[in-house]
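One structure is given below, encoded as structure tokens.
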Amino acid sequence: MAGKPVIEIAFDTPRMEEKLLAKAVTAKGAELRLTNVKQNVFTLQKTSLDVCLVRCVSLYSAIHTAALREGSGVRSINSSEAIYLAGDKVLTVSRLKSANLPIPRTAVGLNTRAAEKALEKVGLPAVDKPPIGSWGRLIALVRDIDDFKLVAEHREMLPSSYMKTHIIQEYIDLPNRDIRTLVVGDEVVGAIYRYRASNDWRTNVALGGEPVQAFLNDELVEISLKAAKAVKGDVVSIDVFETTDGSYLVNEVNGVPEFKGLMKATGVNVPEKIIDYVIASTRR
Numbered sequence: 002m003a004g005k006p007v008i009e010i011a012f013d014t015p016r017m018e019e020k021l022l023a024k025a026v027t028a029k030g031a032e033l034r035l036t037n038v039k040q041n042v043f044t045l046q047k048t049s050l051d052v053c054l055v056r057c058v059s060l061y062s063a064i065h066t067a068a069l070r071e072g073s074g075v076r077s078i079n080s081s082e083a084i085y086l087a088g089d090k091v092l093t094v095s096r097l098k099s100a101n102l103p104i105p106r107t108a109v110g111l112n113t114r115a116a117e118k119a120l121e122k123v124g125l126p127a128v129d130k131p132p133i134g135s136w137g138r139l140i141a142l143v144r145d146i147d148d149f150k151l152v153a154e155h156r157e158m159l160p161s162s163y164m165k166t167h168i169i170q171e172y173i174d175l176p177n178r179d180i181r182t183l184v185v186g187d188e189v190v191g192a193i194y195r196y197r198a199s200n201d202w203r204t205n206v207a208l209g210g211e212p213v214q215a216f217l218n219d220e221l222v223e224i225s226l227k228a229a230k231a232v233k234g235d236v237v238s239i240d241v242f243e244t245t246d247g248s249y250l251v252n253e254v255n256g257v258p259e260f261k262g263l264m265k266a267t268g269v270n271v272p273e274k275i276i277d278y279v280i281a282s283t284r285r
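In my numbering, the protein residues as written are 2 to 285.
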């Protein structure tokens, strides 16, 4: 590579994170290309891009954007494979388990009948989630069989066939919070507690969860890096549960992570960390 690296930020819905990343690219002296994937045509021809930073909210827009750029010989961060592995929760828990990471007790039913048997194996209370979704959407706390039947009936009405799959996990009695870490390359750049809102059992910041800086101990760093590696992610966030005995369970991985809550709580300049990593990757 000669001259300034050419970095594309590909998005479908511009958020604060994408605006901050764009400013960081310019501040670092790299050439910025902004691409709204809803308006762009991908030709698979050779381009002048060095790296595509994929920031699409839609999972399949993110996967397809990364794959198409890779088809043009452009490195994508994250890769299409990493976004896919992190974006489908069945694939995620399978990879986490294969990497010998601690996860909640889990069973999967590919239809309603199998899901009811999965619930019997996991026990009540449990959490029922579909393979794909973010911001806590369609995740249900199942306290009894009537709760499950309501969830299953709702899922059966949805048009997407993959929504008929139920990931059943044990309900972890959290201390009113969970932990989110952010991995950039080989570094865990920060961690936050996400305290759940008083009217919700979920901790998502998008649902009113409050981000507060968390202490990054060696164990949390180790499992975060191992989880990122399990899904082959360069820039990912890791959601972690604390159990009552003080141990950790890895819950989910996000392949297109939001980070404004972590920035607010920790003061870490996340866009700079990400763009430094992106630029360094063009020099390898």
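Glycine residues also receive a C-beta, built at the ideal position from the N, C-alpha and C atoms.
Tell me the rounded alpha-carbon separation between F260 and T93.
Distance between the alpha carbons of F260 and T93: 20 Å.
Could you check where the beta strand (DSSP E) with P272 kicks off and where it finishes?
Careful: P272 lies outside any beta strand (DSSP E), inside the alpha helix (DSSP H) at 271-282.
Apart from the five residues just before and just after T48, which ones in its own chain have a Cβ nearer than 7 Å to its Cβ?
Answer for T48: S73, V75, listed in chain order.
So, is L142 buried or exposed, given that buried needs 16 or more other C-beta atoms within 10 angstroms?
L142 is exposed by the Cβ-count criterion.
Let me know the beta strand (DSSP E) ranges lying completely inside the segment 139-212, each 3 residues or longer, listed in chain order.
Whole beta strand (DSSP E) segments, 3+ residues: 141-143, 167-171, 178-185, 188-196.
Tell me which same chain residues have a C-beta within less than 6 Å of the C-beta of V232, skipping the five on either side of it?
Excluding positions up to five away in sequence, the list reads A83, L86, A87, R96, V254.
At which residues does the beta strand (DSSP E) containing I133 begin and terminate?
Careful: I133 lies outside any beta strand (DSSP E) and carries neither H nor E.
Ignoring anything shorter than 4 residues, give me the alpha helix (DSSP H) runs that lie fully in the segment 69-140, in order along the chain.
With a minimum length of 4 residues, the continuous alpha helix (DSSP H) runs that stay inside the segment 69-140 are 81-88, 90-99, 113-123.
For A281, count neighbouring Cβ atoms within 10 angstroms of its own Cβ and tell me buried if that reaches 16, exposed if not.
Exposed.
Kindly indicate which residue of R114, D148, G137, G134 has the alpha-carbon position closest to the one of A127.
Among R114, D148, G137, G134, the Cα nearest to that of A127 is on D148.
Assuming D179 and V241 make a contact with CB atoms under 8 Å, what is their CB distance in whole Å?
Sure, about 6 Å apart at Cβ, within 8 Å.
So D240 is in the alpha helix (DSSP H); what residue range does that whole segment cover?
Careful: D240 lies outside any alpha helix (DSSP H), inside the beta strand (DSSP E) at 236-243.
Quick one: does the C-beta of R114 sit closer than 8 Å to a heavy atom of the ligand NAP?
As for the ligand NAP, it is missing from this structure, which has no ligand bound.
Would you mind working out which of R114, K122, E117, K118 sits nearest R106, comparing C-alpha positions?
That would be K122, whose Cα lies nearest to the Cα of R106.
So, helix, strand or coil for A11, using DSSP?
A11: strand per DSSP, three-state reduction.
Is it right to say K177 is buried, meaning 16 or more other beta carbons lie within 10 angstroms of its own, or is it exposed?
The sequence shown places Asn at residue 177, rather than the Lys named in the question. It is exposed - the Cβ of N177 has fewer than 16 other Cβ atoms within 10 Å.
Hey, out of K24, R144, L69, G256, whose CA is closest to N41's CA?
The shortest Cα separation from N41 among K24, R144, L69, G256 belongs to L69.
Reducing DSSP to helix, strand and coil, say where V42 ends up.
The answer is coil: DSSP assigns V42 none of H, G, I, E or B.
Which residues in the same chain as V185 place their Cβ atom closer than 7 Å to its Cβ, once the five residues preceding and following it in sequence are excluded?
Excluding sequence neighbours, V185 sits near V236, K274, I275, Y278.
If you run the structure through DSSP and keep just helix, strand and coil, what is L33?
Three-state DSSP puts L33 in a strand.
Would you call F216 buried or exposed, if buried means 16 or more other Cβ atoms sit within 10 Å of its Cβ?
Exposed: under 16 other Cβ atoms inside 10 Å.
Determine the closest residue to A146 out of L139, A119, E157, I133, with distance taken between C-alpha atoms.
The identity of residue 146 in the sequence shown is Ile, whereas the question assumes Ala. Looking at the Cα atoms, A119 is the closest of the given residues.
Helix, strand or coil: which one does DSSP assign to M2?
Note that M2 scores 47 on pLDDT, short of 50, meaning its location in the model is unreliable; the coordinates nonetheless yield the value given after this. M2 falls in the coil class under three-state DSSP.
Only counting the same chain, and skipping five residues up and downstream in sequence, which positions put a Cβ closer than 6 Å to that of P131?
Excluding positions up to five away in sequence, the list reads L139, M164.
Using the Cα positions of L102 and A228, report the straight-line distance between them to the nearest angstrom.
In a straight line, the C-alpha of L102 is about 7 Å away from that of A228.
In the structure shown, what three-state DSSP assignment does L250 receive?
Looking at L250 - three-state DSSP - the assignment turns out to be strand.
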